[in-house]
Each structure stands twice: as C-alpha cells, then as structure tokens.
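Here is the structure we will look at.
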Amino acid sequence: MRSIVGLTPIRRGRIAFNGKTISDMSTHRIIAQGIGYVPENRGIFGSLTVREHIEVAMWARGCSAARRDQVLAIFPRISERMGHLGHQLSGGEQQMLAIARAMLADPVLLILDEPSEGLAPVIVEEVRATLAQIKESGTSILLVEQNAAMAMSLADTVTVLSQGTVQFSGTPAGLEARSDIKNAYLGIS
Numbered sequence: 000m001r002s003i004v005g006l007t008p009i010r011r012g013r014i015a016f017n018g019k020t021i022s023d024m025s026t027h028r029i030i031a032q033g034i035g036y037v038p039e040n041r042g043i044f045g046s047l048t049v050r051e052h053i054e055v056a057m058w059a060r061g062c063s064a065a066r067r068d069q070v071l072a073i074f075p076r077i078s079e080r081m082g083h084l085g086h087q088l089s090g091g092e093q094q095m096l097a098i099a100r101a102m103l104a105d106p107v108l109l110i111l112d113e114p115s116e117g118l119a120p121v122i123v124e125e126v127r128a129t130l131a132q133i134k135e136s137g138t139s140i141l142l143v144e145q146n147a148a149m150a151m152s153l154a155d156t157v158t159v160l161s162q163g164t165v166q167f168s169g170t171p172a173g174l175e176a177r178s179d180i181k182n183a184y185l186g187i188s
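In numbering that gives the first Met the number 0, the protein residues as written are 0 to 188.
In structure tokens:
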C-alpha cells in the first residue's frame with residue numbers, strides 16, 4: 000500500500016492507476032491523480048487542533064469550503080470537536096479525522112491501512128458505516144484489514160494474501176464457501 004502512494008519504493012514492475020504509470024511519481028503527484036491514503040498510524044499531530052488538521056489538508060489539496068462542508072457532514076463527531084487537539088481525540092475520532100482529511104481531495108480511490116486497529120467494537124462499526132457511506136457515494140476503497148467481518152461487509156472483491164502470494168481472490172460469497180481459506184488465513188470457521 001505504501002508503494003502505491005510512493006512512500007516505499009517498488010522492487011520490480013510498475014504501478015498503474017487509471018491507465019497511467021504512477022510508480023515513478025512523487026507522493027504529491029500520486030495523490031493529485033485522485034488517490035486518498037489513510038496510513039495505519041493515522042498521521043494525527045497531537046499538538047494541532049482538528050480545525051488545523053482540516054485547514055492544512057484543505058490548503059494542501061486545494062479544497063473548497065463547500066467540499067469541506069460535504070466531508071464534515073459525513074463525520075459529525077469530528078465537526079463537534081474542531082477545537083480539540085489531536086491528542087485529546089479517542090482512537091476512533093483520530094481515525095475519522097484521518098479519513099476526513101483524505102476525503103477532502105474528493106479521491107476516486109481511498110486506500111486505508113488497518114482502519115479498525117485498536118478500536119472498540121462499537122467504534123469499529125461506526126467506522127465501517129462511514130466507509131460504507133463513502134463507498135455508496137462512488138469512491139472506490141482499497142482496504143487492508145485484519146477484521147475479516149468488517150472487510151467482507153464492505154468488499155465487492157476480497158483478496159487473501161499470505162507472504163506476498165495470493166491465496167484467494169473473488170467475491171465475499173466465494174470466500175464464505177472456502178472453509179479451507181477461512182480457517183487457514185482468517186481464523187474463521
């Protein structure tokens with residue numbers, strides 16, 4: 000995932016997005032192609048307020064106030080905490096802020112790395128519902144997620160990797176029918 004957005008060099012081959020090679024582009028140029036990225040660590044600065052996070056992201060992405068308002072409508076909890084510092088937010092609120100920042104650029108593709116990691120089950124459901132809403136709006140989502148139930152509830156296509164090798168690729172229903180894959184790689188029986 001980090002290679003897709005130019006944060007880790009690729010070892011071989013190339014990465015293409017919408018028919019254009021992006022593996023030789025800087026991260027800034029890749030993001031400008033319509034890709035939003037939410038890293039596993041969320042990238043929240045504890046000393047910045049929510050408002051400052053949003054303003055910096057707006058500036059960096061050339062985002063309008065109208066787009067900001069659209070994004071914040073999806074994240075009412077974030078709207079209520081504009082004056083709070085990043086370190087004052089719960090893990091779920093930090094995750095929502097990270098997703099909101101990525102959505103300000105109105106990406107065609109939103110890439111998320113382990114969005115449910117470290118979150119309480121009730122917050123995982125809130126994040127899942129928000130991602131479902133984003134998906135319904137037409138944004139494609141590439142999700143790396145250990146919470147198989149969450150991932151499958153959002154997915155049109157599921158790919159199970161083990162040590163860089165594809166073990167399964169197909170629909171969630173197809174994966175449901177493969178107890179061998181579910182048992183071996185997902186811990187689901």
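Glycine included, each C-beta is placed from N, C-alpha and C at the ideal position.
* Residue of V121, L108, V126, V107 minimising C-alpha distance to L96 -> V126
* Using the C-alpha atoms, what's the distance from I77 back to I43? -> 13 Å
* For R100, count neighbouring Cβ atoms within 10 angstroms of its own Cβ and tell me buried if that reaches 16, exposed if not. => buried
* Apply the 10 Å Cβ neighbour rule to A104 and answer buried if 16 or more other Cβ atoms are within range, or exposed otherwise. => buried
* To do: Provide the residue(s) that pair with K181 in DSSP beta bridges, ordered along the chain.
  => Its beta-bridge partners do not exist; DSSP assigns none.
* To do: Can you check the segment 90-153 for any alpha helix (DSSP H) of at least 4 residues that lies completely inside it and give the ranges in chain order?
  => 90-102, 120-135, 147-153
* So, using beta-carbon positions, are L84 and S46 closer together than 8 Å? -> yes
* Out of curiosity, what's the CA-to-CA distance linking D112 and V121? -> 19 Å
* What are the start and end residues of the beta strand (DSSP E) that includes T158? -> 157-161
* **For R41 and K134, the rounded distance between their alpha carbons** => 20 Å
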